[in-house]
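The structure appears right after this line, and notes come after that.
As structure tokens, then:
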């Protein structure tokens, strides 16, 4: 490989990433995480805080879809059939469940987080892990839910 | 050119140096604040900002029995890949011996502090504090 190609190839790849909307990806991924992606923090209590940060190229709707899908993936990982989604910590404390998260902007970029709590059995206001994965998988991963 | 980098660092260091650490006075009833969430925690005592330094368990003592302003300062905190800064604060009336939890909510370019009582009987580990935000906040950190 010539020196020019060695330098140009990563540069072109970088330019390609800069021009793209944030994909469905882990923000801790050192290769693409700097463009945004999903993240999670445990606590307080049994809550898990899940977030998705987008760049300037992604739409708010897409960030909301990615966030909800990631919440369902985490519930699946924890082997929980249902989860409650809360738009903020105060709403989690008073158990005010939501079907989705409103996405707003932080420093002009669409970004959102939610708190989730897991359940084994169905109850009013809970989201079905399998249903969310099935409904959103075509849009998020381009294929059926795993 | 170097000054561009040194000046913010100097300002930051100076800010730390002049902000005293809160020391609970003897014979004063205290509560505890969980400081494990992101950001530096501070309280307003006698009209002055005082930094909270946690013990080895992550809790800091705060004065109990009267309205207290508690704040969190975030500077260049990387929130979901987006660098931002904010300094929200709010008030509670701490009860002696009670443990509290402070965090912040950031949405639509706005940042606000939320403070709860810790309650191990709930799945969130938290309970609403009826004194939260009932009195005006004091002290501006900057």
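Chains as they are written, first to last, in the numbering used here: chain D, 707 to 852; chain V, 122 to 263. Where is the CB? At the ideal position from N, CA and C, for every residue including glycine.
Any chain V beta carbon closer than 9 Å to residue i
i: residue 750 of chain D; result: yes
i: residue 851 of chain D; result: no
i: residue 754 of chain D; result: no
i: residue 736 of chain D; result: no
i: residue 828 of chain D; result: no
i: residue 805 of chain D; result: no
i: residue 727 of chain D; result: no
i: residue 800 of chain D; result: yes
i: residue 796 of chain D; result: yes
i: residue 823 of chain D; result: yes
i: residue 784 of chain D; result: no
Contact set for residue i: own chain, Cβ-Cβ below 7 Å, skip 5 residues either direction
i: residue 733 of chain D; result: 739, 742, 743, 744, 745, 759
i: residue 143 of chain V; result: 164, 166, 171, 172, 173
i: residue 755 of chain D; result: 746, 747, 819, 821
i: residue 133 of chain V; result: Bear in mind that a pLDDT of 47 at residue 133 of chain V, under 50, signals an unreliable position, so the number given afterwards is only what the model happens to contain. Same-chain partners within the cutoff: there are none.
i: residue 764 of chain D; result: 727, 728, 816
Beta-carbon proximity list for residue i, same chain, < 6 Å, skipping 5 on both sides
i: residue 832 of chain D; result: 788, 790, 825
i: residue 660 of chain D; result: The first residue shown for chain D is 707 and the last is 852, placing residue 660 of chain D beyond what the model contains.
i: residue 253 of chain V; result: 213, 236
i: residue 175 of chain V; result: 156, 181
i: residue 220 of chain V; result: 153, 239
i: residue 145 of chain V; result: 151, 182
Proximity test, Cβ basis, 9 Å: residue i and chain D
i: residue 160 of chain V; result: no
i: residue 193 of chain V; result: no
i: residue 154 of chain V; result: no
i: residue 248 of chain V; result: yes
i: residue 212 of chain V; result: no
i: residue 243 of chain V; result: yes
i: residue 187 of chain V; result: no
i: residue 176 of chain V; result: no
i: residue 205 of chain V; result: yes
i: residue 259 of chain V; result: no
i: residue 216 of chain V; result: no
Cα-Cα separation between residue i and residue j, rounded to whole angstroms
i: residue 227 of chain V; j: residue 827 of chain D; result: 32 Å
i: residue 751 of chain D; j: residue 778 of chain D; result: 19 Å
i: residue 168 of chain V; j: residue 189 of chain V; result: 11 Å
i: residue 216 of chain V; j: residue 257 of chain V; result: 18 Å
i: residue 809 of chain D; j: residue 818 of chain D; result: 5 Å
i: residue 806 of chain D; j: residue 795 of chain D; result: 15 Å
i: residue 161 of chain V; j: residue 781 of chain D; result: 31 Å
i: residue 800 of chain D; j: residue 813 of chain D; result: 29 Å
i: residue 840 of chain D; j: residue 783 of chain D; result: 15 Å
i: residue 206 of chain V; j: residue 766 of chain D; result: 22 Å
i: residue 786 of chain D; j: residue 838 of chain D; result: 13 Å
i: residue 757 of chain D; j: residue 196 of chain V; result: 20 Å
i: residue 208 of chain V; j: residue 230 of chain V; result: 13 Å
i: residue 820 of chain D; j: residue 185 of chain V; result: 32 Å
i: residue 846 of chain D; j: residue 730 of chain D; result: 7 Å
i: residue 728 of chain D; j: residue 245 of chain V; result: 31 Å
i: residue 816 of chain D; j: residue 737 of chain D; result: 21 Å
i: residue 179 of chain V; j: residue 218 of chain V; result: 16 Å
i: residue 823 of chain D; j: residue 191 of chain V; result: 27 Å
i: residue 259 of chain V; j: residue 250 of chain V; result: 19 Å
Nonlocal neighbours in the same chain, by C-beta distance under 8 Å from residue i, ignoring five residues either side
i: residue 247 of chain V; result: 222, 237, 238, 239, 240
i: residue 158 of chain V; result: 193, 222, 223, 224, 225
i: residue 141 of chain V; result: 169, 171, 172
i: residue 843 of chain D; result: 775, 849, 850, 851, 852
i: residue 187 of chain V; result: 214
i: residue 130 of chain V; result: Bear in mind that a pLDDT of 48 at residue 130 of chain V, under 50, signals an unreliable position, so the number given afterwards is only what the model happens to contain. Excluding residues within five positions, none has a Cβ falling inside 8 Å.
i: residue 829 of chain D; result: 788
Burial state of residue i (16 or more Cβ within 10 Å)
i: residue 735 of chain D; result: exposed
i: residue 748 of chain D; result: exposed
i: residue 211 of chain V; result: buried
i: residue 182 of chain V; result: buried
i: residue 776 of chain D; result: buried
i: residue 848 of chain D; result: exposed
i: residue 770 of chain D; result: buried
i: residue 768 of chain D; result: buried
i: residue 147 of chain V; result: exposed
i: residue 232 of chain V; result: buried
i: residue 753 of chain D; result: buried
The ligand GTP heavy atom lying under 8 Å from the CB of residue i
i: residue 743 of chain D; result: Inclusion of the ligand GTP in the displayed structure is not the case, the ligand content being empty and no account of it being possible.
At what residue ranges does the stretch 747 to 779 of chain D contain a whole run of the beta strand (DSSP E), taking only runs of 3 or more? 754 to 759
Sequence ranges, beta strand (DSSP E) only - wholly within the stretch 797 to 836 of chain D, length at least 3: 810 to 812, 815 to 825
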